[in-house]
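J.: Submitted below is the structure of interest, expressed as structure tokens.
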Amino acid sequence: MTLELFFQTVVNATYAASYMALIAVGLVLIFGVMGVINFAHGELYMAGAYAVVALYAGMGINFFVAVAIGLLFVGMLGLLMEYGLFRPLRDNPLGGLIASIGFLLILQTIAVLGFGVQMEHVPPSTQGKIVFSDGVVLTYQRLYVILTTVVLLTALWLFLRKSKFGWALRACAQDREAAVLQGMSINATARLAMFIGAALAGVAGALTAPLVAPTPQMGHPVIITAFIIIIVGGVGSLEGAVLAAILYAFVNTFVTTIYDGTLANIVGLLLMLIVLIVKPTGLFGAKERA
Amino acid sequence: MPERPTSRLTFALGLILLAAALIVLPHLVSLSQKEVLVLLVINVLLVSSYRLLTLTGEWSLAHAVIMGVGAYGSALVSKELSWPVPLAMLVGASIAAFLAFLLSFPLFRMKGFYFLIGSFAAGEVIRLVWKWSELTWLFGGPKGIKLIPPFPDIPVLSIDFYDPVNYYYLCLIVVTISLLILYRVERSRIGLTFHAIHWQDKLAESVGVDTFRYRMLAFVISSFFAGLSGALYAHYIGTVNPNRFSVEEMTYILIWAIVGGTATFYGPILGVVVLTVLNEVVLRAIGVDEMRPMLYGAILILFILFLPNGLESLVPKAKDWFGGRKQKQAKSEQPAEAEQTAK
Numbered sequence: 013m014t015l016e017l018f019f020q021t022v023v024n025a026t027y028a029a030s031y032m033a034l035i036a037v038g039l040v041l042i043f044g045v046m047g048v049i050n051f052a053h054g055e056l057y058m059a060g061a062y063a064v065v066a067l068y069a070g071m072g073i074n075f076f077v078a079v080a081i082g083l084l085f086v087g088m089l090g091l092l093m094e095y096g097l098f099r100p101l102r103d104n105p106l107g108g109l110i111a112s113i114g115f116l117l118i119l120q121t122i123a124v125l126g127f128g129v130q131m132e133h134v135p136p137s138t139q140g141k142i143v144f145s146d147g148v149v150l151t152y153q154r155l156y157v158i159l160t161t162v163v164l165l166t167a168l169w170l171f172l173r174k175s176k177f178g179w180a181l182r183a184c185a186q187d188r189e190a191a192v193l194q195g196m197s198i199n200a201t202a203r204l205a206m207f208i209g210a211a212l213a214g215v216a217g218a219l220t221a222p223l224v225a226p227t228p229q230m231g232h233p234v235i236i237t238a239f240i241i242i243i244v245g246g247v248g249s250l251e252g253a254v255l256a257a258i259l260y261a262f263v264n265t266f267v268t269t270i271y272d273g274t275l276a277n278i279v280g281l282l283l284m285l286i287v288l289i290v291k292p293t294g295l296f297g298a299k300e301r302a
Numbered sequence: 038m039p040e041r042p043t044s045r046l047t048f049a050l051g052l053i054l055l056a057a058a059l060i061v062l063p064h065l066v067s068l069s070q071k072e073v074l075v076l077l078v079i080n081v082l083l084v085s086s087y088r089l090l091t092l093t094g095e096w097s098l099a100h101a102v103i104m105g106v107g108a109y110g111s112a113l114v115s116k117e118l119s120w121p122v123p124l125a126m127l128v129g130a131s132i133a134a135f136l137a138f139l140l141s142f143p144l145f146r147m148k149g150f151y152f153l154i155g156s157f158a159a160g161e162v163i164r165l166v167w168k169w170s171e172l173t174w175l176f177g178g179p180k181g182i183k184l185i186p187p188f189p190d191i192p193v194l195s196i197d198f199y200d201p202v203n204y205y206y207l208c209l210i211v212v213t214i215s216l217l218i219l220y221r222v223e224r225s226r227i228g229l230t231f232h233a234i235h236w237q238d239k240l241a242e243s244v245g246v247d248t249f250r251y252r253m254l255a256f257v258i259s260s261f262f263a264g265l266s267g268a269l270y271a272h273y274i275g276t277v278n279p280n281r282f283s284v285e286e287m288t289y290i291l292i293w294a295i296v297g298g299t300a301t302f303y304g305p306i307l308g309v310v311v312l313t314v315l316n317e318v319v320l321r322a323i324g325v326d327e328m329r330p331m332l333y334g335a336i337l338i339l340f341i342l343f344l345p346n347g348l349e350s351l352v353p354k355a356k357d358w359f360g361g362r363k364q365k366q367a368k369s370e371q372p373a374e375a376e377q378t379a380k
């Protein structure tokens, strides 16, 4: 592996870590507050990508406006899931999970009926790129993803640490009963968590749409990746999810570059199985939640 | 279950009627529906074997892949080693069971969500190994294995298993025997222990039950029959590939089990039969195959919201509704069967 290829792979891995972190943090947030594994999370990502397909590639709206609308749209889908599925099934976590599988199938079918099964081509919003000294390239399109991730995750971190809503959210994640006894509204926090969690997946999909050629099935590998990340990071730990996303993205990108993609996926899944066996609380996680 | 002699009699009568209906059924439907019938019988075994695992309280997401292991195993043994197909089927099922035995060691260190995700990961690893370019010489990569030898004909009786009706009878025999075994297992002391582990695993452990070994046993038995259903599938269709056993197929198994309910032996069977019939009728009516996942998704959500115990929970209500003891036994088989023949 040449030095140039090495640095290029580092750049690629940083980009991959960014959007994976967005998706995984959303999934962890939902699991933390609601106690439900959202299987439809990959399809929320897909919905974000198709928002950009429709608005930006289809109607010619400004890319960033399309991304913002995509974020809101997928956040609304999250609220829909909360009101329609997770709230009635609050005391039945397995039921919530199964309902999210049903929702996943519905979202996929809507994408197939609306756009067809073929790959969508989304033109890049900019041709600009940064060329580092030794020929290593980072396109602006990828830079947007990295920057947005940093901004959004910092904002989320500040929100959770500093604001009253953030405290309530973390309190619910720690101990739902105690939080309710302190007068926090479980419905309000669940709504908030669902909106933020879904919106993060949506914005990841919207931003990466020009880079990945969206298909209705694109959520499937994404949800597997997200599962690996949240297990490795420790279910219920936001910081763990970010660190695990970085770890996974680097392992995956390097193995893909050196060997091949299938082997990279196998390595990722084995990594997760080993963590599940040796340290089910995750490498960076605090306490076990289930 | 029937205790009084009279209800035992109606139960026996119901069984005879059911058997007669199942034997006559393939002669009443069109060719494409015959194909569906074969797959339906295979799926009955698949979902029933899945239920045995859920008895211990664990919901695996690897069951479709385990079915695939049986299919791949049987296909390879019969094609590459030229073993006779019936033997290859048993070997395939045994490979699936053996793999479940190996997977038990990592997977049953987990419970609940962790088991669910762990089994999902294990299944995906197996699927990726099938797809892996380094092993294309063995598993055929994403395209899978083609030209799998069909079930050998019996020239003496001039039975040709290329005919779906004959293959249907073959599957019916294999599946009936398998279901009897599964039923016996559930009713035995082992099956009761499965239930105990589900509801009170700490208590079961404290009275000396090795919960790990019983979980493993449930997984191995259920995987054997899932593998057998895969083998039946492989030698009927003649080709297997990794996507046939994807997580999408797994969701169908889940949907059958949820819609039917898993508290009774017949619940999942009811689920797969009703949904398959519905699928045939609705597909004919709408004529759009693309709508299928959405309909299944909607059905899944509606059931989990409004009928969380599945169709089987309607059976006692239906019994009350009809009141008389005469219909009592027949009800459990009738709804599915009535719809089948109604077409």
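Same order as they appear, the protein sequences are chains V and A.
The numbers in the first sequence follow the numbering used here, run straight up by one, and end at 302.
The numbers in the second sequence follow the numbering used here, run straight up by one, and end at 380.
Positions of the beta carbon are idealized from the N, C-alpha and C atoms, including for glycine.
1) According to the Cβ coordinates, are A/Ile338 and V/Gly114 closer than 8 Å?
2) For A/Arg146, which residues in chain V fall below 8 Å Cβ to Cβ?
3) Could you pull the DSSP bridge partners for V/Val149 from this structure?
4) To the nearest angstrom, report how far apart A/Leu332 and V/Met71 are at their CA atoms.
5) Which term fits A/Ser270, buried or exposed, when burial requires 16 or more other beta carbons within 10 angstroms of its beta carbon?
6) For my contact list, V/Ala213 and V/Val77 are in at a C-beta cut-off of 8 Å; report their separation, rounded to the angstrom.
7) Nearest to A/Ala125 by CA position, among A/Pro186, A/Thr248, A/Trp167 and A/Ile274, is which residue?
8) Of all Cβ atoms in chain A, is any one closer than 8 Å to the Cβ of V/Ala8?
9) By Cβ distance, which residues of its chain are closer than 8 Å to A/Gly155, with the 5 residues on each side in sequence left out?
10) Cutting at 8 Å between CB atoms, please list the residues of its own chain near A/Leu344, excluding the five before and the five after it.
11) Assign A/Glu95 to buried or exposed, taking buried as 16 or more other Cβ atoms, counted over all protein chains shown, within 10 Å of its Cβ.
12) Assuming A/Phe262 and A/Ser97 are in contact, meaning their beta carbons sit under 8 Å apart, how far apart are those beta carbons, in whole angstroms?
13) Just how far apart, CA to CA, sit V/Ala25 and V/Asn50?
14) With distance defined between alpha-carbon atoms, name the residue in V/Val287, V/Thr274 and V/Gln20 nearest to V/Ile142.
15) Spell out the partners DSSP gives A/Val277 in its beta bridges.
16) Specify whether the stretch 58-70 of chain V and the stretch 276-292 of chain V touch according to this definition: at least 3 beta carbon pairs, one from each stretch, less than 8 Å apart.
17) Leaving out the 5 sequence neighbours to the left and right, which residues in its chain are closer than 7 Å to A/Glu242 when beta-carbon positions are compared?
18) Have a look at the DSSP bridge pairing and note the partners of A/Ile191.
19) Of all the CB atoms in chain V, is at least one closer than 8 Å to the CB of A/Phe256?
20) For A/Lys168, count neighbouring Cβ atoms within 10 angstroms of its own Cβ and tell me buried if that reaches 16, exposed if not.
21) Measuring alpha carbon to alpha carbon, tell me which of A/Val73, A/Leu65 and A/Ser67 ends up nearest A/Ile274.
22) Let's see if you can read the secondary structure: which residues bound the alpha helix (DSSP H) around A/Pro71?
23) Only counting the same chain, and skipping five residues up and downstream in sequence, which positions put a Cβ closer than 6 Å to that of V/Ala36?
24) Kindly list, in the order they appear in chain V, the residues whose Cβ is closer than 9 Å to that of A/Lys183.
25) Please state whether DSSP places A/Val246 in a helix, a strand or coil.
T.: To lay it out plainly:
1) As a first step, residue 338 of chain A is located in the second sequence; it is residue number 301 there, counting from the start. As a first step, residue 114 of chain V is located in the first sequence; it is residue number 102 there, counting from the start. Yes, the Cβ-Cβ distance between A/Ile338 and V/Gly114 is below 8 Å.
2) Taking the first residue of the second sequence as position 1, residue 146 of chain A is located at position 109. Per Cβ cutoff of 8 Å: Leu288, Ile289 and Pro292.
3) Mapped onto the first sequence, residue 149 of chain V falls at position 137. Answer by DSSP bridge pairing, in chain order: V/Val143.
4) By 1-based counting over the second sequence, the position of residue 332 of chain A is 295. By 1-based counting over the first sequence, the position of residue 71 of chain V is 59. Cα to Cα, A/Leu332 sits roughly 30 Å from V/Met71.
5) Along the second sequence, read from residue 1 onward, the residue named residue 270 of chain A stands at position 233. A quick correction: the sequence has Tyr, not Ser, at residue 270 of chain A. It is buried - the Cβ of A/Tyr270 has at least 16 other Cβ atoms within 10 Å.
6) Stepping through the first sequence from its first residue, residue 213 of chain V is reached at position 201. Stepping through the first sequence from its first residue, residue 77 of chain V is reached at position 65. 19 Å between Cβ atoms; not a contact.
7) The residue labelled residue 125 of chain A in the question sits at position 88 within the second sequence. Answer by Cα proximity: A/Pro186.
8) Since the first and last residues shown for chain V are 13 and 302, residue 8 of chain V lies out of range.
9) For this step, residue 155 of chain A is matched to residue 118 along the second sequence. Excluding residues within five positions, the ones whose Cβ falls inside 8 Å are Pro143, Leu144 and Met147.
10) Within the second sequence, residue 344 of chain A is the residue found at index 307, counting from 1. The answer, listed in chain order, is Ser350 and Leu351.
11) Here residue 95 of chain A is taken as the residue at index 58 of the second sequence, counted from 1. Counting Cβ neighbours within 10 Å, A/Glu95 comes out buried, since at least 16 surround it.
12) The count along the second sequence starts at 1 and reaches residue 262 of chain A at position 225. The count along the second sequence starts at 1 and reaches residue 97 of chain A at position 60. Wrong, their Cβ atoms sit about 13 Å apart, outside the cutoff.
13) As a position in the first sequence, residue 25 of chain V is number 13, starting the count at 1. As a position in the first sequence, residue 50 of chain V is number 38, starting the count at 1. If I take the Cα positions, the gap works out to 25 Å.
14) For the purposes of this step, residue 142 of chain V is taken as residue 130 along the first sequence, with counting starting at 1. V/Ile142 has its Cα closest to that of V/Gln20, out of V/Val287, V/Thr274 and V/Gln20.
15) Along the second sequence, read from residue 1 onward, the residue named residue 277 of chain A stands at position 240. Partner(s): A/Ile182.
16) no
17) Here residue 242 of chain A refers to the residue found at position 205 when the second sequence is read from its first residue. Answer for A/Glu242: Thr248, listed in chain order.
18) Translated into positions along the second sequence, residue 191 of chain A becomes position 154. Its beta-bridge partners are A/Ile196.
19) If you number the second sequence from 1, residue 256 of chain A lands on position 219. Not one chain V Cβ lies under 8 Å of A/Phe256.
20) What you label residue 168 of chain A is simply residue 131 of the second sequence in a count that begins at 1. Under this definition A/Lys168 is a buried residue.
21) In the second sequence, counting from the first residue as 1, residue 274 of chain A sits at position 237. Among A/Val73, A/Leu65 and A/Ser67, the Cα nearest to that of A/Ile274 belongs to A/Val73.
22) Mapped onto the second sequence, residue 71 of chain A falls at position 34. Checking the sequence shown, residue 71 of chain A turns out to be Lys, not Pro. Note, A/Lys71: alpha helix (DSSP H), Leu68 to Thr91.
23) Walking along the first sequence from the start, residue 36 of chain V turns up at place 24. Ala238, Ile241, Ile242, Ala253 and Ala257.
24) For the purposes of this step, residue 183 of chain A is taken as residue 146 along the second sequence, with counting starting at 1. Under the 9 Å cutoff, chain V gives no residues; its nearest Cβ is about 20 Å from A/Lys183.
25) Position 209 of the second sequence, counting from 1, holds the residue named residue 246 of chain A. Correct three-state label for A/Val246: coil.
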